[in-house]
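Input: a single structure, listed below in structure tokens.
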Amino acid sequence: MREIRMHCPRGHKEMAVKRTEKNVLFRGVRLSIPVEQFVCPECGVEAGTVEQTAAIQKSITNAYRKSVGVLTGKEIF
Ligand SMILES: [Zn+2]
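Taking the working numbering, the leading residue of the sequence shown gets 236, the next gets one more, and so forth.
What follows is the structure in structure tokens.
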């Protein structure tokens, strides 16, 4: 595992990695996805690395497919 450090863009201290669940609206479907991001303990601003952002995008796509699959069965693929 690589250790990544990120500092708050607003000039605060080092940010901490935080795992949360987020509700996002994607193509009209509400999805709950796991999110890992850096959060500033002082001002709460959130920032993600390129890897984290890519992982979030992937989670959204997977959750969307699952959700749509449940609704429409085999019609999509
Ligand atoms: Zn901050």
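Heads up, the beta-carbon is just placed ideally off N, CA and C, and yes, glycines get one too. Being a predicted model, the structure only gives us computed values, none of them experimental.
(request) Measure from the alpha carbon of His247 to the alpha carbon of each residue in Ile239, Phe261 and Glu281, then state which is nearest. (result) Residue mapping note: residue 247 aligns to position 12 of the sequence shown, counting from 1. Nearest of Ile239, Phe261 and Glu281 to His247, Cα basis: Glu281.
(message) Just to confirm the assignment: which complete beta strand (DSSP E) runs, minimum length 3, are found wholly within the stretch 246–284?
(response) 251–261 and 264–274
(request) Inspect the beta-carbon positions of Glu256 and Pro269 and report whether they are closer than 8 Å. (result) In the sequence shown, residue 256 corresponds to position 21, counting from 1. In the sequence shown, residue 269 corresponds to position 34, counting from 1. Contact flag set, yes.
(request) Take Cys278 and list the residues in its own chain whose beta-carbon comes closer than 7 Å to its own, dropping the five residues that flank it on each side. (result) Translated into positions along the sequence shown, residue 278 becomes position 43. These residues qualify, in order along the chain: Cys243, Arg245 and His247.
(request) Figure out for me which residue from Val274, Phe273 and Asn258 has the closest Cα to the Cα of Ser294. (result) Taking the sequence shown and counting its residues from 1, one reaches residue 294 at position 59. The shortest Cα separation from Ser294 among Val274, Phe273 and Asn258 belongs to Asn258.
(message) Output needed for Gln272: all residues of its chain with C-beta closer than 7 Å, excluding positions within five of it in sequence on either side, in chain order.
(response) Against the sequence shown, residue 272 aligns to sequence position 37. Cβ within range, chain order: Lys253, Glu281, Ala282, Gly283 and Gln287.
(request) Just jot down, in chain order, the residues whose CB lies closer than 6 Å to any heavy atom of ligand 1. (result) Cys243, Arg245, His247, Cys275, Glu277, Cys278 and Val280
(request) Ignore the nearest five residues each way along the sequence and tell me which others in Glu238's own chain have a CB closer than 6 Å to its CB. (result) As a working mapping, residue 238 is identified with position 3 in the sequence shown. Around Glu238: no qualifying Cβ.
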